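Residue numbers (my numbering): 6 to 268.
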């Protein structure tokens with residue numbers, strides 16, 4: 006029975022079809038694991054098993070979401086970018102940041118979880134027995150929303166949305182608040198982008214709930230060429246740049262902050 010037929014059976018409440026689909030796709034998942042390990046020049050049995058589990062979990066989750074449209078291609082074509090991206094993200098998030106100590110990685114992970122659970126910086130600091138400044142540093146390392154503004158400076162050169170003082174290794178509490186408020190007001194501009202532009206920019210920078218991806222992965226995910234993704238990203242950043250300078254709340258807030266900060 007084909008993958009597509011098994012998916013249809015599952016969507017018609019045949020739970021056994023999901024197990025059949027999983028068993029049928031095991032070799033497919035293994036092949037993606039091999040490709041991802043090759044990409045990172047790694048050859049580790051434990052990591053391969055981790056990636057297989059990550060891919061399997063992603064497969065089950067995507068089947069349960071029932072978003073597959075048979076008229077747009079085979080199920081393998083649909084599911085491939087999800088599985089590969091999940092595996093790549095796993096490696097990038099938990100394996101490759103060699104410049105960060107293992108202790109800092111653990112602290113960053115704990116801070117992120119507590120932050121997602123709704124705890125304030127002060128409560129996180131008390132829970133982990135660290136300073137609020139260190140909590141802010143770990144959260145800034147984890148949440149990359151402010152990098153959108155910094156990257157517009159790199160993209161266009163002449164003008165920029167981001168002040169270099171916002172990116173620091175050990176921010177003061179007022180800088181952390183400034184970053185948070187800028188991110189909130191930038192979201193108003195981000196929401197004006199088209200849904201496609203939001204997906205591409207959000208994924209490229211790992212911002213506003215999107216998982217961070219490189220251009221190649223985004224292209225695979227969106228079924229576009231890499232050049233098309235680059236153009237969409239450029240157009241979106243240009244729109245953000247234009248909206249920022251034309252009486253946005255973000256610009257007004259930043260200019261007011263700088264005026265106070267310089268006094």
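By construction, the Cβ of each residue, glycine as well, lies at the ideal position given by its N, Cα and C atoms. Keep in mind it's a predicted model, so treat the numbers as computed, not measured.
Suppose you measure from the CA of residue i to the CA of residue j; what does that come to, to the nearest Å?
| i | j | result |
| --- | --- | --- |
| residue 73 | residue 9 | 9 angstroms |
| residue 127 | residue 234 | 40 angstroms |
| residue 215 | residue 206 | 9 angstroms |
| residue 14 | residue 27 | 13 angstroms |
| residue 38 | residue 262 | 48 angstroms |
| residue 79 | residue 228 | 13 angstroms |
| residue 40 | residue 23 | 25 angstroms |
| residue 67 | residue 121 | 23 angstroms |
| residue 59 | residue 241 | 32 angstroms |
| residue 83 | residue 65 | 13 angstroms |
| residue 139 | residue 236 | 38 angstroms |
| residue 47 | residue 193 | 41 angstroms |
| residue 69 | residue 125 | 33 angstroms |
Take residue i and list the residues in its own chain whose beta-carbon comes closer than 7 angstroms to its own, dropping the five residues that flank it on each side.
| i | result |
| --- | --- |
| residue 63 | 87, 88, 91 |
| residue 231 | 220, 221, 224 |
| residue 33 | 81 |
| residue 20 | none |
| residue 203 | 195 |
| residue 53 | 38, 42 |
| residue 201 | 237 |
| residue 115 | 133 |
Taking the Cβ atom as the reference point for each residue, do residue i and residue j lie within a distance shorter than 7 angstroms?
| i | j | result |
| --- | --- | --- |
| residue 238 | residue 195 | no |
| residue 255 | residue 247 | no |
| residue 11 | residue 31 | no |
| residue 135 | residue 119 | no |
| residue 16 | residue 71 | yes |
So the candidates are the options; which of them puts its Cα closest to the Cα of residue i?
| i | options | result |
| --- | --- | --- |
| residue 56 | 35, 229, 67, 75 | 35 |
| residue 245 | 130, 52, 191, 54 | 191 |
| residue 197 | 184, 186, 185, 253 | 253 |
| residue 257 | 226, 227, 186 | 186 |
| residue 184 | 241, 141, 193 | 141 |
| residue 7 | 117, 69, 75 | 75 |
| residue 29 | 45, 61, 46 | 61 |
| residue 213 | 199, 226, 201, 189 | 189 |
Go through its chain and collect everything with a Cβ distance to residue i's Cβ below 8 angstroms, but skip five positions before and after it.
| i | result |
| --- | --- |
| residue 49 | 42 |
| residue 103 | Interpretation of residue 103 is limited by its pLDDT of 39, a score under 50 that renders its predicted location unreliable; the figure taken from the coordinates is listed afterwards. Once the five neighbours on either side are set aside, residue 103 has no close Cβ partner at all. |
Closer than 6 angstroms by C-beta to residue i: which residues in its own chain qualify, once you throw out the five before and the five after it? Chain order, please.
| i | result |
| --- | --- |
| residue 123 | none |
For residue i, does the three-state DSSP call read helix, strand or coil?
| i | result |
| --- | --- |
| residue 16 | helix |
| residue 201 | helix |
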